[in-house]
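The opening residue of the sequence shown carries number 1 in our numbering; numbering runs sequentially from there.
Each residue gets a CB set at the ideal place from its N, CA and C atoms; glycine is no exception.
Here is the structure we will look at.
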Amino acid sequence: MSDEKNMLTELEHSNKLNVVLYWHMHQPEYRDLKTNQYQLPWTYLHTIKDYVDMVAHIENNPEARAVVNFAPILLEQIDDYAKQLEDFLSHGIALRDPLLSCLAMPVVDLPHKKRIKLINTCKRANKERLIDRFKFFNELHEMAEDGLAQPYLLDYYSPQFYADLLTWYHLAWIGETVRNSDKRIKRLSEKARNFNEDDRRLLLQVIYELVAGVIKRYKKLAKSGRIELSMTPLTHPIIPLILDLNSASDAMPDVELPEAENYPGGIQRSLWQLKNGAKVFEKHFGFKPQGCWPSEGSISGETIDLINSIGIKWLASGETVLRNSMKASELAHDHCIYHDYYYQDKDIACFYRDDGLSDLIGFKYSNWHADDAVANFVSSIEHIAEQCKDEENAIVSIILDGENAWEYYPFNGFYFLEGLYKELSNNEHIQLTTYSEFLDKKSKNKTTEAKNAYQLSTITSGSWVYGTFSTWIGEKDKNKAWDMLVEAKKAYDQVIDKGELTDTEYKLATEQLATCESSDWFWWFGEYNSSESVRSFDQQYRLHLSNLYELLGLKPPEYLSQAFSFGSGEPVMGGVMLPGKES
Numbered sequence: 001m002s003d004e005k006n007m008l009t010e011l012e013h014s015n016k017l018n019v020v021l022y023w024h025m026h027q028p029e030y031r032d033l034k035t036n037q038y039q040l041p042w043t044y045l046h047t048i049k050d051y052v053d054m055v056a057h058i059e060n061n062p063e064a065r066a067v068v069n070f071a072p073i074l075l076e077q078i079d080d081y082a083k084q085l086e087d088f089l090s091h092g093i094a095l096r097d098p099l100l101s102c103l104a105m106p107v108v109d110l111p112h113k114k115r116i117k118l119i120n121t122c123k124r125a126n127k128e129r130l131i132d133r134f135k136f137f138n139e140l141h142e143m144a145e146d147g148l149a150q151p152y153l154l155d156y157y158s159p160q161f162y163a164d165l166l167t168w169y170h171l172a173w174i175g176e177t178v179r180n181s182d183k184r185i186k187r188l189s190e191k192a193r194n195f196n197e198d199d200r201r202l203l204l205q206v207i208y209e210l211v212a213g214v215i216k217r218y219k220k221l222a223k224s225g226r227i228e229l230s231m232t233p234l235t236h237p238i239i240p241l242i243l244d245l246n247s248a249s250d251a252m253p254d255v256e257l258p259e260a261e262n263y264p265g266g267i268q269r270s271l272w273q274l275k276n277g278a279k280v281f282e283k284h285f286g287f288k289p290q291g292c293w294p295s296e297g298s299i300s301g302e303t304i305d306l307i308n309s310i311g312i313k314w315l316a317s318g319e320t321v322l323r324n325s326m327k328a329s330e331l332a333h334d335h336c337i338y339h340d341y342y343y344q345d346k347d348i349a350c351f352y353r354d355d356g357l358s359d360l361i362g363f364k365y366s367n368w369h370a371d372d373a374v375a376n377f378v379s380s381i382e383h384i385a386e387q388c389k390d391e392e393n394a395i396v397s398i399i400l401d402g403e404n405a406w407e408y409y410p411f412n413g414f415y416f417l418e419g420l421y422k423e424l425s426n427n428e429h430i431q432l433t434t435y436s437e438f439l440d441k442k443s444k445n446k447t448t449e450a451k452n453a454y455q456l457s458t459i460t461s462g463s464w465v466y467g468t469f470s471t472w473i474g475e476k477d478k479n480k481a482w483d484m485l486v487e488a489k490k491a492y493d494q495v496i497d498k499g500e501l502t503d504t505e506y507k508l509a510t511e512q513l514a515t516c517e518s519s520d521w522f523w524w525f526g527e528y529n530s531s532e533s534v535r536s537f538d539q540q541y542r543l544h545l546s547n548l549y550e551l552l553g554l555k556p557p558e559y560l561s562q563a564f565s566f567g568s569g570e571p572v573m574g575g576v577m578l579p580g581k582e583s
């Protein structure tokens, strides 16, 4: 009877359009690995707001399906935050994040410069959605602005002002699903002011529970088959550029490249990043990943070969990369390009982002009424379903940042996401699925579709952003950062070749090198981004490179003591997100 039921279910699904919602969660390494102190708070703030909300929406809808990607270095930091919060709450051991440490102070009494720094930190939130929404937080924010305009006022503000500002900042960053269900958060919000040490400790307890439990919640959903989890290389490097800086010219023939001809030992470093990323994934989730989101969807033919070599079954990238590769491979653009593709004779399946649909969520719907946005989105997918109705295994990929979009939505996207999962799950023309589930079903059904029908002989190297690597290379400051990294890698190689480091020293230096290879530093450099953001990441990058030299027993070059990128732009959404296509 169960076999008959399964056959009926598969028959019902056979004519539906396969749709994958693929959310990417990523934060770079914010720790100074020499001191283990956090430099920026974004890992735990996104955890208590976005990662907990995103998992709750799927938990609350049994029919919902999604693929979720966690950068391995993010998993390590979430785990580290859970441990330090437990150590503080249970044993009084000092917190290693400055913002959390202030929240935990019995009396928030700070010297003048730290008051300014604290206020600037607590301003880093979407004003419309996270500040203006809360009456008392907005009043505190206005007082803070007055204090920054006339700094002498800050010395007249009482410790209670700073305690309340800190508390409201964290309350604003609490996820909507938590705000709606946790009585402690409701009680603190209703109290509104004059928060004492016990109140702030209670808030820290909530933060600890959210951070400590979030990975387990995703793991549980994955083991029940309701989501699929995937990985990126360990510290989120742009693998095609690590392999070959010249790969940037595939999609940008006139690009100006760094002075360095290549990154030394690129193949070995890329394999190290991939293999160690898989190890961290398995450490936290208890099973091996089947899929990979190459950092920023960045691929090349050589990158696909490497990912295939470590046993990964599928990967994903951007629509423009697909269209460029189809043109280079002389593969005709038919009426429906929504398929799994294969590079030459490799077994690894490649899926490609629908830029239009993905960017609707990332950039457009935040200002729509949730019901209208969901209806428009579902209608767009139904149009594709009609367009691809004669295709045996059509699959649409909606791929985007799973953390940064929601602070631009009312209520952290609660009503949009709730409606999105509900409508997609119940639509007669749509089948929410995961990539592995899709491939397993396709294999089980022994589809007659010829694999070589969607075979790409050539991959035009690029990323999901514009189909190029322009976000990470080709601009003066980005190129200078690559030259700095190449020089540091050469110094690393020379010291390692001498064999003078202990095993522990070698491990620490190699982990520090991996942090320097992260894509995030290159993303922020250049005039396009704001001066505040560029200054912060410029400082982080130089810190990490300096630490690498010191771990190698070398004096850091003098230029690492001087900022080299400044920024003067005002990008959409603060620069944390970019669309798939250039406007």
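**Request:** To the nearest angstrom, report how far apart I381 and I430 are at their CA atoms.
**Result:** 8 Å
**Request:** Return helix, strand or coil for R226, following the three-state DSSP convention.
**Result:** coil
**Asked** Are there three or more Cβ pairs, one per stretch, closer than 8 Å when the region 78–86 is compared with the region 403–422?
**Response** no
**Item:** Distance, V52 Cα to V19 Cα
**Value:** 23 Å
**Request:** Label T167 either buried or exposed according to how many other C-beta atoms from any shown protein chain fall within 10 Å of its C-beta, with 16 as the threshold for buried.
**Result:** buried
**Item:** Selected residue, minimal CA-CA separation from W524, among R31, I399, F566
**Value:** F566
**Request:** May I ask you to list the residues that DSSP assigns as paired with Q455?
**Result:** Y342
**Asked** Closest to L234 by CA distance: which of A514, H544, N194, R200 is it?
**Response** A514
**Asked** CB-CB under 6 Å to L154, same chain, minus the five flanking residues each way: which ones, in chain order?
**Response** R115, G147
**Message:** DSSP three-state label for I473, please.
**Reply:** coil
**Asked** What alpha helix (DSSP H) runs, 4 residues minimum, are completely inside the region 118–178?
**Response** 135–149, 159–172
**Asked** Does the region 105–124 come within contact of the region 53–64, defined as at least 3 CB pairs closer than 8 Å?
**Response** no
**Asked** Using 8 Å as the Cβ pair cut-off and three pairs as the minimum, do the region 537–553 and the region 488–495 touch?
**Response** yes
**Message:** In whole angstroms, give me the CA-to-CA distance for L171 and A66.
**Reply:** 28 Å
**Message:** I'd like to know whether the C-beta atoms of T458 and T320 end up nearer to each other than 9 Å.
**Reply:** no
**Prompt:** Going by the CB atoms, is the gap between E403 and M25 shorter than 9 Å?
**Reply:** yes
**Item:** Nearest candidate by alpha-carbon position, reference D50, set K442, T460, E418, A405
**Value:** A405
**Request:** Buried or exposed for R31, please, with buried defined as at least 16 other CB atoms from any protein chain shown within 10 angstroms of its CB.
**Result:** buried
**Message:** Bridge partners for Q37 per DSSP, in chain order?
**Reply:** D32
**Item:** Nearest neighbour of N262, chosen from N276, Q273, A251, N246 [CA to CA]
**Value:** N246
**Item:** Candidates K364, S461, I119, W314, of which the one nearest T434 by Cα
**Value:** W314
**Message:** Our contact map puts V206 next to R184 with C-beta atoms below 8 Å; I'd like the distance itself, whole angstroms only.
**Reply:** 6 Å
**Message:** For L554, list the residues DSSP reports as bridge partners.
**Reply:** For L554, which the question treats as bridged, DSSP gives no partner whatsoever.
**Prompt:** Using 8 Å as the threshold, is the region 87–98 in touch with the region 302–311, meaning 3 or more CB pairs across them?
**Reply:** no
**Message:** Per the DSSP calculation, L584 is bridged to which residue(s)?
**Reply:** A query on residue 584 cannot be resolved here, the shown segment of the chain reaching from 1 to 583 and no further.
**Request:** Could you give the DSSP three-state label for I337: helix, strand or coil?
**Result:** coil
**Asked** Quick one: what does DSSP say T448 is sitting in, helix, strand or coil?
**Response** Because T448 sits at a pLDDT of 49, beneath the cut-off of 50, its placement in the model cannot be relied upon, and the point is left open.
**Request:** In the DSSP assignment, find the unbroken alpha helix (DSSP H) run with W293 in it and report its ends.
**Result:** No alpha helix (DSSP H) contains W293, which DSSP labels as neither H nor E.
**Asked** In three-state terms, what does DSSP make of V255?
**Response** coil
**Item:** 4 or more residues per run - each alpha helix (DSSP H) lying fully within the region 71–115
**Value:** 72–91, 98–103
**Prompt:** With contact counted as at least three CB pairs below 8 Å, one residue from each stretch, are the region 71–78 and the region 278–295 in contact?
**Reply:** yes
**Item:** Endpoints, beta strand (DSSP E) assigned at I310
**Value:** From DSSP, I310 is part of no beta strand (DSSP E); its letter is neither H nor E.
**Prompt:** Is it the case that the Cβ atoms of F438 and D359 are separated by a distance below 9 Å?
**Reply:** no
**Prompt:** Based on the DSSP output, what are the partners of I395 in its beta bridges?
**Reply:** N18
**Request:** Output the distance between the C-alpha atoms of K346 and C122, rounded to the nearest integer angstrom.
**Result:** 49 Å
**Item:** Rounded straight-line distance, which links the Cα of D132 to that of Y162
**Value:** 18 Å
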